[in-house]
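Step one of this worksheet: look at the structure below.
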Amino acid sequence: MSGPHRPDRPRHPTRVDRADRADRADRADRADRADRADRADRRPRPDPAAGSTGPLDPAGPQRRPGLSGRLGETVGSWRAALRIARREARRARGRTALVLAMIALPVLALSFVAVTYDMADLTRVEQFDQRLGAADVELRWMAENPLHQDPWGESSWAREGELVARERPASRAEVEALLPPGSRASQVSWWVPFEVRIGERTTTLDGRALDLTDPLPRSTVRLRSGRVPTATDEVAVSERAARQLGVRVGGTVAAADGSSPWRVVGVVEFPDQLGEVVALTRGGLARISRGSQDDSWLVDLPGAPDAALVERLNAHGVTVSARTPVPSGQPSDTQEPRAALPDPVAASNTVLVGGLGLLEVVLLVGPAFAVGVRRRRRDLALVAVAGGDPVHLRRIVLADGVVLGGLGAALGLLLGVSAALVGRPLVEVYVLTARSGGYRVFPAALAAIAAVAVLAGVLAALAPALTAARQDVVAGLAGRRAVPPHRRRWLVLGVVLTALGTGAAFLGAGRSNTPLVLTGLILGELGLVFATPTLIGLLAQLGRLLPPAPRIALRDASRNRSSAAPAISAVMAAVAGSVALGVYVASDDARNRAEWLPGMPPGRVLLLRADRDGTDPLPPLALVTERIRAGLGTDAVRSLAVPACVEEEQGGYCSVTPALPPEQVCPYDGESYDAAAVRRQALADPRCVPSVRMVGGFYLPTLVDDGPALGVISGAPPDEVAAATAALRAGAAVVTDPRYLANGRLTIRVTRSPAGSGPSRETTVTLPGHLLRSGLPVDRLVLSPAAAGRAGLSTRQIGYAVDTPAAPAPAQIDRLVTALRPMVAVSPEVERGPPASEQRPVLLLLAVAAGVITVGAAGVATGLAAAEGRRDLSTLAAVGASPRVRRVLSLCQAGVIAVVGSVLGIAAGLASALIILTSVNRQYAAAWPVQPPYPMVVPWQTLGVLVVVPLVAMLGAGLFTRSRLAVERRFD
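Last residue of the sequence shown: 972 (this note's numbering), numbering continuous.
Encoded structure:
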């Protein structure tokens with residue numbers, strides 16, 4: 001700026017001039033406000049004896065207002081506070097958007113689930129319309145004798161004695177003979193196994209057999225393309241079935257039994273099943289099955305079903321279902337009444353889990369309100385100077401929570417309901433696999449969700465409101481930051497709540513009381529939240545030993561505890577929950593894998609017959625061996641047979657088990673195990689400790705064999721198998737538990753249960769016994785044919801056992817099943833060792849959820865701290881700090897939140913898991929029989945993710961922070 005100023009040309013103000021004017025105006029404004037504050041301080045105070053005055057009224061003493069006056073004053077105060085909150089929300093748009101996002105996201109998810117659930121929860125009329133289309137009633141011929149039914153046809157019971165199930169299929173003429181004149185009936189089989197071959201693999205789909213040329217069944221489907229099947233070799237498939245089969249309209253699908261292929265003539269949709277479904281004709285059903293056990297009749301009546309019709313049908317053993325309750329329907333005596341109220345345990349678990357989620361939202365939103373209060377401390381101080389008391393200040397801050405909570409709830413509900421309505425077709429196809437009912441929005445649930453969202457906003461603003469009510473008015477007017485001392489009572493309260501929560505979780509785990517465990521976790525989490533500010537203060541004292549950037553970050557966290565403590569607590573809560581659940585899941589998986597025992601030696605193959613009744617003779621062993629040799633490269637094939645009773649052929653049940661000798665029976669009953677001394681005696685008694693564990697793999701029942709199959713299924717060495725084979729051929733029975741043998745004799749128990757209402761009959765037979773000492777340590781009984789005959793048992797073949805050198809590949813098994821299909825339908829079972837862990841996705845999901853919350857909380861707290869510390873950054877720039885200081889400082893601020901929260905969360909999670917597992921193990925040790933304990937397994941995969949997450953948060957804060965330091969004020 002050089003050269004003389006020419007008065008005839010107006011000079012444009014420079015940036016320095018504008019800054020100087022703004023600075024002078026700001027100083028003048030501050031001086032004027034300070035003068036008004038000083039005059040307010042010198043104003044004479046009202047005499048308490050003369051009566052109180054209004055908080056904002058400078059008039060003299062007046063009469064204390066009554067109830068209506070106080071109510072009006074409260075309403076007016078809240079109205080003013082809400083107006084201030086609305087204005088502040090418009091002014092601080094960034095912070096408002098942040099709070100709205102954190103409140104609206106869970107509201108969006110919950111409202112989406114609520115609306116989707118309400119639409120998917122079909123009424124009885126909607127269920128009937130989807131399943132039965134235009135039919136008036138659905139009939140099921142259940143029994144040969146008369147029965148009673150409930151009003152909806154869901155349950156039935158005999159009028160006298162027991163129901164005699166109808167085995168003979170009913171014809172259309174028989175059904176229509178029971179109906180009024182003019183009625184029309186059509187038979188539908190709702191489920192039949194439809195087996196096809198895709199390449200070398202056999203696949204089973206759900207099939208429905210119905211006559212789609214009849215308008216009555218035709219109303220139950222929607223034809224998407226093509227036409228309905230009419231011939232016995234024609235089918236119509238759903239869209240998902242067409243994709244799985246890789247076929248279009250006009251294509252063919254190979255039948256699993258090698259017969260003529262199926263021709264796909266159309267694509268249909270069943271509203272109640274959008275999965276892989278195939279529609280067959282009634283003639284096509286005869287190709288693959290003798291009948292269906294899920295048959296019903298769709299009936300078109302000339303009028304509404306009356307009591308006489310229902311009574312006539314029930315007298316013939318036919319149940320009736322309709323859109324409305326049928327006449328003469330009776331409440332079921334055999335069915336438990338449905339509870340009008342939800343399960344209290346499930347309801348309490350839902351409430352407690354929802355409380356944990358609400359606490360997490362409050363902790364995440366709390367820092368934004370805390371920063372908002374600090375940035376408005378001068379405005380709040382002016383309210384106090386004008387006569388506002390702490391109640392008014394709290395209401396002003398709480399109004400922020402009400403306004404933002406309400407806005408977040410409205411935004412979340414709008415987005416959630418819209419997403420549920422727009423995404424309904426996708427949810428129906430990919431989640432529900434069924435069409436939903438009418439368009440509904442579940443108003444009661446949405447109102448509850450909105451109320452919880454507003455409550456979350458108010459709770460998040462509660463701590464900042466209490467802080468605002470206690471702030472120093474003079475410091476607020478002067479623009480100084482006065483950090484209130486942290487009271488020791490919060491630390492004491494935190495320690496007490498943590499101790500109570502630990503004890504409650506320990507007690508709940510010992511009693512298997514999930515609500516009590518969740519209550520303990522909530523109390524412990526609250527205790528850690530209350531103790532976190534004190535911990536931050538202790539960590540800040542270590543900042544003297546650190547470089548400038550981390551020292552400033554720790555100092556800011558200590559000075560701004562009202563915003564840093566909730567963020568750290570949110571990270572801690574998320575990480576603690578993830579670690580505790582991860583440890584429990586990993587420990588349960590390790591326990592299950594340790595207890596798993598194979599039913600056969602690994603690599604062996606069972607081919608079990610898959611026909612319906614299992615009475616047809618199996619093909620010759622030599623022919624089956626030839627096909628197995630070609631498919632698996634081995635000829636070690638043995639027949640498998642089980643003992644059978646006459647009762648089984650008549651629809652009853654028969655079981656054969658070994659019986660312990662009297663001297664081997666445990667002398668302690670279940671009631672006496674409640675005493676600790678009795679439990680110790682039982683643990684020391686070998687008769688009470690099983691020597692053989694249960695099978696974790698495929699279970700084999702009692703077998704009948706004379707030796708050839710024993711080596712395949714037992715895995716015993718050849719000399720043991722030879723000795724056991726000799727005993728079987730001599731008419732003995734083989735067991736693997738030595739307790740069942742007494743002087744070389746074995747007692748078996750045969751229980752026969754008839755199909756009717758007669759009592760079960762139990763007989764015992766004593767046979768020569770042999771102990772198989774080696775092989776798999778599973779409880780197994782093998783009878784010789786002679787021993788089965790002495791017990792009055794017959795023999796029934798169930799399949800084949802194949803001794804393979806290694807476990808065959810799935811493709812080999814599919815080819816073998818296909819090769820055997822013309823002779824016999826078999827279901828393969830391959831022993832491949834312990835199953836793979838299914839918990840890894842769960843552990844990763846827990847870690848990712850905790851990681852997202854950690855990064856989000858660290859980012860929110862870092863952004864708020866950066867906005868609050870702009871003057872500090874300007875001061876650093878003035879004293880010569882490098883522009884990179886801001887980036888490094890943001891990185892350190894994120895590190896304080898993420899690292900401290902993650903470390904506390906990991907420690908709290910491990911401690912919680914240890915307490916719970918210890919308590920559960922103590923409970924298992926006190927029970928009888930003694931259960932194996934849970935090992936303490938740390939999910940290192942989850943911990944690894946949680947250790948990397950703070951580094952990701954720090955790196956993100958460093959990358960998304962500008963290096964250039966902001967200039968708050970220019971001095972010329």
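For each residue, glycine too, the CB sits at the ideal point set by N, CA and C.
Asked, Found
"How long is the line joining the alpha carbons of M936 and D779, rounded to whole angstroms?", "29 Å"
"Distance check for L728 and R749, CA to CA, integer angstroms please.", "18 Å"
"Output the boundary residues of the beta strand (DSSP E) element that contains T281.", "Where T281 is concerned, there is no enclosing beta strand (DSSP E), given that its DSSP letter is neither H nor E."
"Among A468, I798 and I536, which one has its Cα closest to the Cα of T702?", "I798"
"Whose C-beta lies closer than 6 Å to the C-beta of V221 among residues of the same chain, with five residues either side of it excluded?", "V268 and F270"
"Could you check if L212 is buried or exposed, using at least 16 other CB atoms within 10 Å of its CB as the buried criterion?", "buried"
"Determine whether the beta carbon atoms of V265 and M102 lie at a separation below 8 Å.", "no"
"I need the DSSP call for E160, collapsed to helix, strand or coil.", "coil"
"Please give me, in chain order, every unbroken run of the beta strand (DSSP E) with length at least 3 that falls completely inside the stretch 798 to 827.", "none"
"For S890, tell me which candidate among L955, S784, L816 and L910 has the shortest Cα-Cα distance.", "L955"
"Could you check the C-alpha separation between L411 and Y584 for me, to the nearest Å?", "37 Å"
"Would you mind stating whether L618 and R604 have Cβ atoms separated by less than 8 Å?", "no"
"Buried or exposed: which applies to V431, given that a residue is buried once 16 or more other Cβ atoms fall within 10 Å of its Cβ?", "exposed"
"What does a CB cutoff of less than 8 Å around R555 pick up in its chain, not counting 5 residues either side in sequence?", "A540 and G543"
"In chain order, which continuous runs of the beta strand (DSSP E) of length 3 or greater are located wholly inside the stretch 161 to 217?", "184 to 198 and 201 to 209"
"Give me the Cβ distance between G905 and V361, rounded to the nearest whole Å; I'm assuming they're in contact under 8 Å.", "About 17 Å; that fails the 8 Å criterion."
"Taking 7 Å as the limit between beta carbons, can you name the residues of its chain near V952, skipping five residues before and five after?", "V855"
"Smallest Cα separation from R394: which of L413, V458 and L358?", "V458"
"To the nearest angstrom, report how far apart P48 and P950 are at their CA atoms.", "Caution is warranted here: a pLDDT of 40 is assigned to P48, below 50, making its placement in the model unreliable, and no coordinate value can be reported."
"Per DSSP, P658 is paired with what?", "I748"
"Can you look up A254 in the DSSP assignment and give me helix, strand or coil?", "strand"
"Within the continuous alpha helix (DSSP H) that includes L781, where are the two ends?", "Here L781 belongs to no alpha helix (DSSP H); instead the beta strand (DSSP E) covers L781 to L783."
"Would you mind giving the Cβ-Cβ distance between A531 and L491, rounded to the nearest angstrom? I have them listed as a contact below 8 Å.", "6 Å"
"Please work out which residues of its chain come closer than 8 Å, Cβ to Cβ, to A819, disregarding the five sequence neighbours upstream and downstream, and give them in chain order.", "R627, A630 and G631"
"Hey, would you say P305 sits closer than 8 Å to A322, going by beta carbons?", "yes"
"Could you name the residues that DSSP lists as bridge partners for H770?", "V734"
"Which class does E428 belong to by DSSP, given the choice of helix, strand or coil?", "helix"
"Identify whether V422 lies in helix, strand or coil by the three-state DSSP scheme.", "helix"
"To which residues of the same chain is G133 closer than 6 Å at the C-beta, ignoring the five residues directly before and after it?", "S219 and T220"
"Checking the sheet assignment: what are the DSSP bridge partners for T763?", "V750"
"Using C-beta distances below 7 Å, list every residue in its chain close to P785, excluding the 5 sequence neighbours before and after it, in chain order.", "V704, D706 and T795"
"Could you check which residue in R86, A85, I522 and L946 has the C-alpha nearest to that of G582?", "L946"
"Look up W141 in the DSSP assignment and give the residues it is bridged to.", "V318"
"Kindly indicate the opening and closing residues of the beta strand (DSSP E) around V605.", "V605 to R609"
"Please determine, among V637, N560 and G880, the residue with the shortest C-alpha to C-alpha distance to A368.", "N560"
"Is S296 helix, strand or coil by DSSP?", "strand"
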